[in-house]
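Take a look at the structure set out below.
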Amino acid sequence: MTAGQQVDLLVGGMTCTSCAARIEKKLNRMPGVAATVNYATEKASVFVPAGTSIDDAIKTIEATGYTAVRPLPVPLGDSAVPDAADVEVSVLRQRLLVSAALALPVAALSMIPVLQFTNWQWLALTLAAPVAVWGAWPFHRAAWVNARHGAATMDTLVSVGVLAALGWSLYALFFGMAGMPGMTMSFTFSATPGSGADEIYLEVASAVTVFILAGRYAEARAKRNSGAALQALLELGAKETTLLRDGVESRISTALLVVGDQFVVRPGEKIATDGVIVDGASAIDASLLTGESVPIEVGPGDSVVGATLNSGGRLVVRATQIGADTELAHIGRLVEQAQTGKAEVQRLADRVSGVFVPIVIGLALAALAGWLLVGAGAAMAFTAAVATLIIACPCALGLATPTALLVGTGRGAQLGILIKGPQVLESTRRVDTIVLDKTGTVTTGRMTLSTVEACQCGDVDELLLLAGAAESGSEHPIARAITLGARTRLGPLPDSSAFASEQGLGVQATVNGREILVGRPAWLTERWQLVVPSAMQAVKATAEGLGKTAVMVAWEGKVRGVLTVADTIKPTSKAAIARFRSLGLTPLLVTGDNEIVARSVAAECGITDVTAGVLPADKARVIRSLQAQGHVVAMVGDGVNDAVALATADLGIAMGTGTDVAIEASDLTLMRSDLLAAADAIRLSRRTLTTIKANLFWAFAYNVAAIPLAMFGLLNPLIAGAAMALSSVFVVTNSLRLRGFRALHDA
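In my numbering, the protein residues as written are 1 to 747.
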């Protein structure tokens, strides 16, 4: 190792994106070190030069106040990996529920005078203290870590606000008049010398804690889901396989295979690992990895990929790649690298908190010193300082993002749109290009009967009836399409007998006393020595020019007609493309299918830019090329082959009818298999982002406008709490407007 090494580290203790930025800055100050820290995945991708140990990078992270460890290797197919994210979510949920249960009666006692029985304030203290100390402990701990390193974040503001409200309440209860029997909550609009010692702010301390905990809990759940893409990939692999050694078959775990082993794959089984076919012929359903609906015909000498499905005959495969060297593992690494390499979106509240927090604390101290210097007395000075801190306490600030996100995502769920987190919203605002996969996204992803041409039969219904009955004994996707099409048009089909299939070529069966042949033209001419008329050859050529697959039907020594099947375009795709353009997006079709098929589909739905014949890794390269040109790219897909591209794009949109890998690697998930939903998802995300920005503006506006009033003694701390509550009401009300979002339905 002379050039250096690239290592991914698991980083613990980050509470916001500013934490990730601080760690990244520290690491990149090390000589020769290049690092990227991703808050969402809690990983640091670190390159250390020769002569520098990765342990030095770990020590740097630990010296910054966080933890770092090397991730343990995860074997393919292992689903029993402990998930630390689940533990974090569980702990936060418990802390939130307990804090909310204690804070609710505190708020009721403090805000409803009729409930204020004799000595009610001591019950409020008993309930609020655990919330302000234990419930808010994550914020206090993070604020302390930040303070030790000369930094301030949202955690600092939360901690200072909660402790200030609790501290003043304790002072008022034990050293002021607030602890006397018969005390009730009352206030004046301005602070006067000596005032404030009979007021408590326990509801402020407990309510702020609950609100911020709710936002942190929602964030933790989103982060947990965002890390599931790799695990979903690993689950695709076959867990067991049939080893063939010295002519004896034995069932073993896939993890025990070594390069050179031969294993058996029966119809309906997944191929255990990458290899080369030694014996047998079949049709391989590789849609999980290629995204294409037509099975691949394979035989001896052909290469196959692990996790693909054998939909035809028995195969004997020799393993050529195992474990981390397989195509499946390679795609998994690409997904992980793409996620780690995403540009971080700095949350708006964290952007200003680094400046806002120290300024507020400085202003509170200035108010305290100023009133002491003018001889107003300690009570007046402390009241003004506390009012300054409380009016700046980020109650509405903490609600701004989670409430809008909660309402927006809830409304989205009703419309079949899942938004994975607040970081997604910023991307939707800037997106100008949308890349579309073909199969399962623009098209249905299923082969369907397209046309029936009876050239030497004269009766189209008879041709379809006999072909559908003959194909009913086959499980091949093309055969299923013909049989389904015949049943749909003609009703029940007659029984067939003497069925025989030649894998990937055609079938023969006896129907109504006739021996029917349905298959590829070459099979009919070479295997059965039949002559295909020129008219049928022309029909076949025209069909293939439109991206369709042609099969021919024969009986009594003559080729009677041609059937074509195709992957059809979804009914809403054309309208969706028009809607993307109206949103300012340029659509591009990127597919692994051939150029003819891709161009045909694109022309039908109104797309002018097409890139065809690309591999899974090539889709990601297409997106990176667009990004290098300055475009902000969204990607819509549904297969494993789209997972890398979805993770690479600035905004990944997965069809919920697709694979779990694509869904987990995406930022937005469409539960409806409808491309129109993608346009609605972008509209809803943009509307939600606009609401969050408005919430943040008003949250700051309320607080910042009132800070001078508090400093000059014109604002009682209780009024400060009321103003903060008013800003919270405004934020919540503004967020609730998202419930009125409507999907744009096509006329």
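All C-beta atoms, glycine included, are put in the ideal place defined by N, C-alpha and C.
The structure presented is a predicted model; accordingly, all values stated were derived computationally and were not measured.
Inter-residue spacing [alpha-carbon to alpha-carbon] between Met-380 and Pro-138: Taking the first residue of the sequence shown as position 1, residue 380 is located at position 380. Taking the first residue of the sequence shown as position 1, residue 138 is located at position 138. Going by the C-alpha atoms only, they are around 32 Å apart.
Where Met-180 sits in the DSSP three-state scheme: Along the sequence shown, read from residue 1 onward, the residue named residue 180 stands at position 180. If DSSP states are grouped into helix, strand and coil, Met-180 belongs with coil.
Own chain, CB closer than 6 Å to Ser-573, minus 5 neighbours either side, in chain order: The count along the sequence shown starts at 1 and reaches residue 573 at position 573. Taken in chain order, the residues that qualify are Val-442, Cys-605 and Leu-675.
Proximal residues to Leu-363 (C-beta, below 7 Å), its chain only, five neighbours per side dropped: Counting from one through the sequence shown, the residue named residue 363 turns up at place 363. Excluding positions up to five away in sequence, the list reads Thr-388, Ile-707 and Met-711.
Beta-carbon gap between Thr-15 and Ala-207 smaller than 8 Å: By 1-based counting over the sequence shown, the position of residue 15 is 15. By 1-based counting over the sequence shown, the position of residue 207 is 207. Thr-15 is not a Cβ neighbour of Ala-207, given a cutoff of 8 Å.
Residue from Gly-32, Glu-42, Gly-375 and Gln-6 with nearest C-alpha to Gln-21: As a working note, residue 21 is residue 21 in the sequence shown. Before going further, note that residue 21 is Ala rather than Gln in the sequence given. When only C-alpha atoms are compared, the closest one is Glu-42.
Secondary structure of Leu-744, DSSP reduced to three states: Translated into positions along the sequence shown, residue 744 becomes position 744. The answer is coil: DSSP assigns Leu-744 none of H, G, I, E or B.
Where Trp-523 falls, given that 16 or more other Cβ within 10 Å makes a residue buried: The residue labelled residue 523 in the question sits at position 523 within the sequence shown. By the 10 Å Cβ count, Trp-523 comes out buried.
Length-filtered (4 minimum) alpha helix (DSSP H) runs lying within the region 535-564: Here no run is fully enclosed.
Pro-587 (DSSP reduced to helix, strand or coil): Taking the first residue of the sequence shown as 1, we reach residue 587 at position 587. The answer is strand: DSSP assigns Pro-587 an E or B state.
Per-residue burial, Ala-628 [other beta carbons within 10 Å of its own, 16 or more giving buried]: Counting from 1 along the sequence shown, the entry for residue 628 is found at position 628. With fewer than 16 other CB atoms across the displayed protein chains lying within 10 angstroms of its CB, Ala-628 is exposed.
Test item: CB-CB of Val-731 and Thr-403 under 8 Å: In the sequence shown, residue 731 corresponds to position 731, counting from 1. In the sequence shown, residue 403 corresponds to position 403, counting from 1. In this structure, the beta-carbon distance from Val-731 to Thr-403 falls below 8 Å.
Neighbourhood of Phe-741 by C-beta distance below 7 Å, restricted to the same chain and skipping five residues each side: Looking up residue 741 in the sequence shown gives position 741. When the five nearest sequence neighbours on each side are left out, the beta carbons in the same chain lying within less than 7 Å of the beta carbon of Phe-741 are those of Arg-411, Leu-684 and Arg-687, in order along the chain.
Alpha-carbon to alpha-carbon, Arg-70 and Ile-112: Within the sequence shown, numbered from 1, the residue matching residue 112 stands at position 112. Within the sequence shown, numbered from 1, the residue matching residue 70 stands at position 70. Whole-angstrom Cα-Cα distance: 54 Å.
6 Å Cβ shell around Thr-409 - same chain, five flanking residues per side excluded: The residue given as residue 409 occupies position 409 in the sequence shown. Only Ile-419 meet the Cβ criterion.
CA-to-CA distance, Glu-502 to Val-317, given in whole angstroms: Counting from 1 along the sequence shown, the entry for residue 317 is found at position 317. Counting from 1 along the sequence shown, the entry for residue 502 is found at position 502. Whole-angstrom Cα-Cα distance: 20 Å.
Contact set for Val-636: own chain, Cβ-Cβ below 6 Å, skip 5 residues either direction: The residue labelled residue 636 in the question sits at position 636 within the sequence shown. Beyond the five residues adjoining it in sequence on each side, Val-636 comes within less than 6 Å, by CB distance, of Leu-436, Thr-441, Ile-653 and Ala-678 in the same chain, given in chain order.
Closest residue to Ala-136 among Thr-118, Leu-125 and Gly-161 (Cα-Cα distance): Numbered from its first residue, the sequence shown carries residue 136 at position 136. Selected option, being the one with the closest Cα: Gly-161.
Candidates Val-424, Phe-117 and Asp-461, of which the one nearest Thr-669 by Cα: One-based indexing of the sequence shown puts residue 669 at position 669. Check the Cα spacing between Thr-669 and each of Val-424, Phe-117 and Asp-461: the tightest is with Val-424.
Limits of the beta strand (DSSP E) - the one that Gly-652 falls within: The residue you call residue 652 lines up with position 652 of the sequence shown. 651-655 is the span of the beta strand (DSSP E), which, as asked, contains Gly-652.
Test item: CB-CB of Gln-116 and Gly-179 under 8 Å: Mapped onto the sequence shown, residue 116 falls at position 116. Mapped onto the sequence shown, residue 179 falls at position 179. Contact flag unset, no.
Residues that Met-635 bridges to, as DSSP identifies them: One-based indexing of the sequence shown puts residue 635 at position 635. Beta-bridge pairing links Met-635 to Val-435 and Gly-652.
Ala-238 beta carbon less than 8 Å from that of Ala-319: Counting from one through the sequence shown, the residue named residue 319 turns up at place 319. Counting from one through the sequence shown, the residue named residue 238 turns up at place 238. No. Outside cutoff.
Run of the beta strand (DSSP E) containing Val-11, from where it starts to where it stops: Position 11 of the sequence shown, counting from 1, holds the residue named residue 11. From DSSP, the beta strand (DSSP E) with Val-11 extends over 4-12.
Proximity of Val-749 and Val-551 at Cβ, strictly below 8 Å: It is not possible to answer for residue 749, since the shown part of the chain is limited to 1 through 747.
Chain-order list of residues whose beta-carbon lies under 7 Å from that of Ser-735 (same chain, five-residue window excluded): Along the sequence shown, read from residue 1 onward, the residue named residue 735 stands at position 735. Excluding sequence neighbours, Ser-735 sits near Thr-403, Ala-404, Val-407, Thr-691 and Asn-695.
Candidates Pro-49, Ser-472, Leu-546 and Pro-105, of which the one nearest Arg-599 by Cα: For the purposes of this step, residue 599 is taken as the residue at position 599 of the sequence shown. Closest in alpha carbon position to Arg-599, among Pro-49, Ser-472, Leu-546 and Pro-105, is Leu-546.
Inside the region 666-740 only - beta strand (DSSP E) runs reaching at least 3 residues: Counting whole runs of 3 or more residues, the region 666-740 contains the beta strand (DSSP E) stretches 668-670.
Paired residues, beta bridge with Asn-310 - DSSP: Numbered from its first residue, the sequence shown carries residue 310 at position 310. Residue pairing of Asn-310 in beta bridges, as defined by DSSP: Ile-284.
Start-to-end residues for the alpha helix (DSSP H) that takes in Ala-470: Along the sequence shown, read from residue 1 onward, the residue named residue 470 stands at position 470. Annotation: the continuous alpha helix (DSSP H) that includes Ala-470 extends over 460-471.
Segment contact flag, the region 263-276 with the region 442-455, C-beta cutoff 8 Å, min 3 pairs: No, the region 263-276 does not touch the region 442-455.
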